[in-house]
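Throughout, this note's numbering is defined as the position within the sequence shown, counted from one, plus 2.
Built from N, CA and C at the ideal position, the CB exists for glycine as well.
For reference, the structure is listed below as structure tokens.
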Amino acid sequence: METKIMIRYGELSVKGKNKRRFINRLAENIRQIFSDYPQVKVSEQFDFMFIELNGVDKGIVIDRLQYIFGIQSYSPVYEIDRDFDLLKEVAKQVVKEKLDEREIHSFKVATSRSDHNYHMDTNAINRELGAYLMEEFPDLEVKMKKPDLTVRVKVRFKDFVVSSDWIKGIGGLPVGTSSRGILMLSGGIDSPVAGYLAMKRGVRPIAIHFASPPYTSPQALEKAKQLAGKLTKFGSWIDFIEVPFTEIQEAIKEHIPSEYLMTITRRMMLRVADRIRDQYHALSIINGESLGQVASQTAESMYAINAVTTTPIIRPVVTMDKLEIIDIAQAIDTFDLSIQPFEDCCTVFAPASPSTKPKVDRCEYYESRLDIDSLVDNCLAKLNFERIDHHSLEESSAQEEAMDDLL
């Protein structure tokens with residue numbers, strides 16, 4: 003009898019008529035993350051989802067599920083016929099497995115029923131199964147509050163489901179249920195966190211990175227790709243677009259007063275991002291702006307920059323302190339990469355004293371010195387597209403580790 007993994011949906015359970023769409027997307031995301039294990043089978047049901055391992059190591063499956071949005075919790079389970087004697091034997095096996103894994107002194111049985119017409123109620127099942135386990139494991143005591151082990155039984159219409167572990171999932175909504183969004187991915191700490199949080203709400207991000215060679219280095223571009231790669235473990239793959247921004251930045255540097263350099267630069271970035279959004283049928287633009295953190299992120303600056311588009315701008319970290327953002331960056335393994343000292347295009351052209359209260363009319367006046375349409379069109383004609391796949395990254399990393407071991 004092989005273990006299965008039972009997945010509980012959490013927030014998806016309140017999606018009403020759209021619930022089936024969310025469940026189907028979650029199932030597809032799980033299949034994608036296990037595409038290198040084709041024997042793993044996903045069976046979606048209205049209240050739960052089951053994963054059949056078919057020989058795949060349980061630990062691999064449990065580890066990967068912790069990065070999939072849309073899962074409230076999950077458990078290794080046994081699905082068995084509705085035979086109470088068989089239930090006793092399986093419950094005994096579950097306890098034995100846990101005793102082999104860790105020290106246990108107390109337990110309890112917790113039963114729930116989907117089928118309320120079953121001839122035993124939850125209390126009766128708890129008592130009878132608990133008494134049997136006490137006989138089989140006399141060194142264990144029953145403890146109703148905070149036991150070392152909880153044997154969970156779910157009575158369904160056709161079977162029993164038995165489990166003991168209750169593993170917390172990452173929550174959120176399945177990636178892809180909230181359409182696509184353009185993620186303005188710099189090399190800093192904030193934007194990868196913003197991408198992660200947008201993915202948690204179901205957005206499928208398309209990462210764009212503004213590169214200004216020779217002012218920015220190939221290492222800075224590679225760093226941005228690696229940051230995008232870090233996000234793939236939460237969504238299997240991510241599209242990455244290198245945006246050549248040198249011509250635009252040189253024009254801004256030549257024609258715009260220094261105090262408005264940053265504001266006009268951000269407005270041009272937003273224009274380019276919006277055009278890419280339109281090309282890829284995305285519905286939003288995502289960035290890592292945090293209110294008041296730097297000159298371009300004051301309320302006045304955001305207002306002046308936003309004036310070039312009517313597209314929704316999603317700012318997942320806008321109210322967070324820097325330390326809160328860093329905590330998330332460390333948790334998702336982007337922090338150490340983000341602090342590597344490769345300058346992006348926003349820092350190499352940063353003025354000494356940028357305006358913190360830019361005016362829209364002044365922005366428009368200074369921009370009249372630029373051929374905006376031509377600059378944006380030239381930029382869009384030179385985009386470099388790449389799909390970054392999580393499994394390819396894992397294989398590459400494994401090969402590098404193998405070479406390091408040989409050396």
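Check each candidate in the options and name the one with the smallest Cα separation from residue i.
i    : options                   : result
T410 : T248, P140, Y39 and P314  : Lying before the first or after the last residue shown, residue 410 is absent from the chain, which here runs from 3 to 409.
L175 : I210, N26 and L88         : N26
I341 : V42, N128 and S188        : S188
F387 : V195, H121, A230 and L372 : A230
H121 : K19, A275, R158 and S37   : R158
A309 : L293, L142, P343 and M271 : M271
R206 : G190, M322, S45 and F242  : F242
D379 : N119, I250, G171 and D335 : I250
H283 : D123, R129, L28 and I184  : I184
I208 : S394, V153, I278 and L151 : I278
R317 : I7, K100 and G294         : G294
F255 : R268, D49 and E244        : Checking the sequence shown, residue 255 turns out to be Lys, not Phe. Nearest of R268, D49 and E244 to K255, Cα basis: R268.
D65  : I7, I82, F50 and I307     : I7
F52  : D38, P40, D59 and E81     : E81
G178 : D192, P343 and G204       : G204
T5   : I106, Y134 and V42        : V42
P314 : E326, S298, L285 and A383 : L285
A383 : V274, E46 and E302        : V274
P246 : P140, I266 and I210       : I210
I172 : L385, A333, C381 and H392 : A333
E30  : K170, E46 and I62         : E46
R371 : R84, D117 and I258        : I258
D375 : S114, A253 and P215       : A253
L28  : T300, D85 and S180        : S180
L151 : Q228, G290, P194 and D102 : D102
Q299 : I330, K359, R154 and T311 : K359
P220 : T321, N289, D161 and P343 : P343
Q228 : D141, P216 and E244       : E244
H392 : S357, I35, S116 and F24   : I35
T321 : L223, E137, A297 and S292 : S292
K100 : N128, D85, R129 and L142  : L142
K170 : D335, L377 and Y11        : Y11
G2   : S116, H118, R154 and R115 : Since the first residue of the chain shown is 3 and the last is 409, residue 2 is not available in this structure.
If you run the structure through DSSP and keep just helix, strand and coil, what is residue i?
i    : result
M271 : helix
A404 : Caution applies to A404, whose pLDDT of 47 falls short of 50 and renders its modelled position unreliable; the value that the coordinates give is listed next. Correct three-state label for A404: helix.
F387 : strand
G183 : strand
I127 : helix
K6   : strand
R455 : The structure shown has nothing for residue 455, since the chain only spans 3 to 409.
L409 : Model confidence at L409 stands at a pLDDT of 47, short of 50, so the residue's coordinates are unreliable; what they give is reported in the following sentence. Three-state DSSP puts L409 in coil, outside helix and strand.
I374 : helix
I169 : strand
L395 : helix
Just list the residues that DSSP pairs residue i with in beta bridges.
i    : result
H211 : E244
R203 : L175
R364 : Answer is none; R364 lacks a bridge partner.
V111 : V153
Any heavy atom of the ligand SAM closer than 7 Å to the CB of residue i?
i    : result
R129 : The ligand SAM is absent from the structure shown, which contains no ligands of any kind.
Counting only beta-carbon atoms, is residue i nearer than 8 Å to chain D?
i   : result
K90 : The structure shown has no chain D; it contains just one protein chain.
With a threshold of 8 Å, are at least 3 pairs of Cβ atoms found where one atom belongs to the region 253-263 and the other to the region 363-372? Note that the region 253-263 touches the region 363-372; at least 3 beta-carbon pairs, one per stretch, sit closer than 8 Å.
Any alpha helix (DSSP H) of 4 or more consecutive residues that is wholly inside the region 134-166: Segments of the alpha helix (DSSP H) lying fully in the region 134-166: there are none.
Using a Cβ distance threshold of 8 Å, determine whether the region 67-75 contacts the region 225-245, with at least three qualifying pairs required. The region 67-75, when compared against the region 225-245, does touch it at the 8 Å Cβ threshold.
Within 8 Å, do at least three Cβ pairs link the region 86-104 to the region 197-206? With a cut-off of 8 Å, the region 86-104 and the region 197-206 do not count as touching, because too few Cβ pairs lie within range.
Identify every run of the alpha helix (DSSP H) within the region 283-357, keeping only runs that are complete inside it and at least 4 residues long; order them along the chain. The qualifying runs are 301-308, 324-333, 337-340 and 347-350.
Report the residue ranges of all alpha helix (DSSP H) runs contained in full by the region 9-52; include only those spanning at least 4 residues, in chain order. 21-35, all fully within the region 9-52.
Using 8 Å as the Cβ pair cut-off and three pairs as the minimum, do the region 162-173 and the region 76-84 touch? Three or more beta-carbon pairs drawn from the region 162-173 and the region 76-84 are found closer than 8 Å, and the two stretches are therefore classed as touching.
Flag this pair as touching only if the region 109-120 and the region 136-149 have three or more C-beta atom pairs under 8 Å; answer yes or no. Output reads yes: the region 136-149 touches the region 109-120.
Starting from the N-terminal side, write out each stretch of the beta strand (DSSP E) that is 3 residues or longer and does not extend beyond the region 46-108. 50-54 and 73-83, all fully within the region 46-108.
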